[in-house]
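Here is the structure we will look at, set down as structure tokens.
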Amino acid sequence: NSAGGCVNKKGHCDIHILDMYPSPDKQNQFGIELAVTATAVSTIERGVGKEGVWYCPQAFDRDCYARGPNNHRSMTFVETRCTVWGAIAAGATGIFPFKVGQPDVKYFQRHPNSGIYASPEMHFGWLQGLMPELKNLTPVLLTAPLKVKAEPADAAALRVTARKYNGKNFVVAVNMKGKPMQIKVNWPDKAVKAVRVLGEKRQVKANNGVVTEVLPPY
Numbered sequence: 051n052s053a054g055g056c057v058n059k060k061g062h063c064d065i066h067i068l069d070m071y072p073s074p075d076k077q078n079q080f081g082i083e084l085a086v087t088a089t090a091v092s093t094i095e096r097g098v099g100k101e102g103v104w105y106c107p108q109a110f111d112r113d114c115y116a117r118g119p120n121n122h123r124s125m126t127f128v129e130t131r132c133t134v135w136g137a138i139a140a141g142a143t144g145i146f147p148f149k150v151g152q153p154d155v156k157y158f159q160r161h162p163n164s165g166i167y168a169s170p171e172m173h174f175g176w177l178q179g180l181m182p183e184l185k186n187l188t189p190v191l192l193t194a195p196l197k198v199k200a201e202p203a204d205a206a207a208l209r210v211t212a213r214k215y216n217g218k219n220f221v222v223a224v225n226m227k228g229k230p231m232q233i234k235v236n237w238p239d240k241a242v243k244a245v246r247v248l249g250e251k252r253q254v255k256a257n258n259g260v261v262t263e264v265l266p267p268y
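In my numbering, the protein residues as written are 51 to 268.
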């Protein structure tokens, strides 16, 4: 449902799922800006109490369903990863992509069941990127969120959440905008001297418990 539709059904659902699709076109304009997806998740999370809040990210090319000009393109891996982690940082407790589709559909073929197979980037981005990443971090994500202070203090631009698992701190910080952003995060452990960037072979220094980093677009 929409954010408002989910909130209107408070008390009537075990789980509310936001299906909000950015649907980029070939001029790289979005029908819905990526930051709005996280804002909508946040609205639901505040509005439905203890009922579950999930996000349904776009895993298809809108033109697979369309007649007429082929104006849209598939979401890139970076854009998809931004909406997924932005939703989690905004309070989503489940990710339910629409849709996996048929593996025998050819890339860029107009087919209503292409799903993630609409493009090679989406295919491998989901099956070899996002899904393994989410699976590996599920035990972390199922722990209670920690609040951390971060700059800029603009939730529409920067979404941040943290977890503690097996004595280790994990921080998710998502740049929801299409331009680079310098951020500062107060790490949960003030004594830490450096933090590891998961999925990358590098560390970021922490000065007096503050991590400074430049996040690329999305």
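Beta carbons: idealized from backbone N, C-alpha and C, even for Gly.
Of the residues the options, the one placed nearest residue i, counting alpha carbons only
| i | options | result |
| --- | --- | --- |
| residue 91 | 157, 243 and 105 | 105 |
| residue 249 | 187, 75, 153 and 80 | 187 |
| residue 77 | 54, 121 and 209 | 121 |
| residue 89 | 55, 197, 141 and 159 | 141 |
| residue 204 | 75, 234 and 182 | 234 |
| residue 247 | 69, 195 and 220 | 220 |
| residue 274 | 227, 169, 133 and 216 | Outside the shown range of the chain (51 to 268) lies residue 274, about which nothing can therefore be said. |
| residue 199 | 191, 210 and 192 | 210 |
| residue 196 | 68, 223 and 264 | 223 |
| residue 61 | 103, 71 and 75 | 103 |
| residue 150 | 213, 266, 135 and 109 | 109 |
| residue 227 | 107, 264, 242 and 241 | 264 |
| residue 160 | 63, 171 and 117 | 117 |
| residue 22 | 152, 123, 65 and 201 | Given a span of 51 to 268 for the chain in the structure shown, any question on residue 22 remains unanswerable. |
| residue 181 | 135, 232 and 82 | 135 |
| residue 137 | 69, 75 and 237 | 69 |
| residue 213 | 202, 206, 194 and 201 | 194 |
| residue 131 | 171, 162 and 156 | 171 |
Helix, strand or coil at residue i [DSSP, three-state]
| i | result |
| --- | --- |
| residue 178 | helix |
| residue 68 | strand |
| residue 102 | strand |
| residue 51 | coil |
| residue 219 | strand |
| residue 85 | helix |
| residue 116 | coil |
| residue 78 | coil |
| residue 250 | coil |
| residue 56 | helix |
| residue 97 | helix |
| residue 92 | helix |
DSSP bridge partner residues for residue i (one or two, in chain order)
| i | result |
| --- | --- |
| residue 256 | 261 |
| residue 304 | Outside the displayed span of the chain (51 to 268) sits residue 304, for which this structure offers no information. |
| residue 212 | 196 and 221 |
Cα-Cα separation, residue i to residue j
| i | j | result |
| --- | --- | --- |
| residue 119 | residue 112 | 12 Å |
| residue 84 | residue 125 | 11 Å |
| residue 168 | residue 148 | 12 Å |
| residue 208 | residue 86 | 12 Å |
| residue 183 | residue 51 | 26 Å |
| residue 191 | residue 80 | 29 Å |
| residue 256 | residue 58 | 43 Å |
| residue 93 | residue 55 | 11 Å |
| residue 128 | residue 95 | 24 Å |
| residue 261 | residue 225 | 15 Å |
| residue 143 | residue 174 | 24 Å |
| residue 153 | residue 164 | 8 Å |
| residue 166 | residue 258 | 43 Å |
Exercise. Identify every run of the beta strand (DSSP E) within the region 121-208, keeping only runs that are complete inside it and at least 3 residues long; order them along the chain.
Key: You should have found no qualifying run.
Quiz item: Of all the beta strand (DSSP E) runs that stay within the bounds of the region 223-247, which reach a length of 3 or more residues?
Solution: Runs of beta strand (DSSP E) with 3 or more residues, each lying fully within the region 223-247, are found at 231-236 and 244-246, listed in chain order.
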